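Peer 1: Next up is a structure, given as structure tokens.
Shown next as structure tokens:
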């Protein structure tokens, strides 16, 4: 079965995050970064990174996974979510164009 794509948004605990991050939060975010690097290397992420929006920063990723349940498991396994720091939301996405996209 073909992989499906999802827009994934990581929602921080407050609008001023990451500018006022605590040491404990930084440790969770370090774990989050390692998790995303591993998932990227495994081919489950097309891209990811922080969005520095004027209303508050948030994380963005484009997932390439089996299905919606897989996308949910991806978010639930994020150490920053498991640690109670961040929340997430996601929605299906159709990738119309991407560098290296063959279909």
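In the UniProt record's numbering, the protein residues as written are 1 to 103. Even for Gly, the Cβ is constructed at its ideal location relative to N, Cα and C. Values in this document were obtained by computation on a predicted structure and should not be read as measured data.
Evaluate residue 24 with the Cβ neighbour count: other Cβ atoms within 10 Å of its Cβ, from every protein chain shown; 16 or more gives buried, anything less gives exposed.
Peer 2: Along the chain shown, read from residue 1 onward, the residue named residue 24 stands at position 24. With fewer than 16 other Cβ atoms within 10 Å, it is exposed.
Peer 1: With a threshold of 16 other CB atoms inside 10 Å of the CB of residue 96, please say whether the residue is buried or exposed.
Peer 2: For the purposes of this step, residue 96 is taken as residue 96 along the chain shown, with counting starting at 1. Residue 96 comes out exposed.
Peer 1: Mapping the DSSP letters down to three states, classify residue 28 as helix, strand or coil.
Peer 2: Walking along the chain shown from the start, residue 28 turns up at place 28. It is helical.
Peer 1: Measuring straight from C-alpha to C-alpha, what distance separates residue 33 and residue 78?
Peer 2: Within the chain shown, numbered from 1, the residue matching residue 33 stands at position 33. Within the chain shown, numbered from 1, the residue matching residue 78 stands at position 78. The alpha-carbon atoms of residue 33 and residue 78 are separated by roughly 9 Å.
Peer 1: Output the distance between the C-alpha atoms of residue 8 and residue 1, rounded to the nearest integer angstrom.
Peer 2: The sequence position of residue 8 within the chain shown is 8, counting from 1. The sequence position of residue 1 within the chain shown is 1, counting from 1. Whole-angstrom Cα-Cα distance: 21 Å.
Peer 1: Within this structure, are the beta carbons of residue 88 and residue 44 separated by less than 8 Å?
Peer 2: Position 88 of the chain shown, counted from the start, is the residue given in the question as residue 88. Position 44 of the chain shown, counted from the start, is the residue given in the question as residue 44. Cβ atoms of residue 88 and residue 44: not closer than 8 Å.
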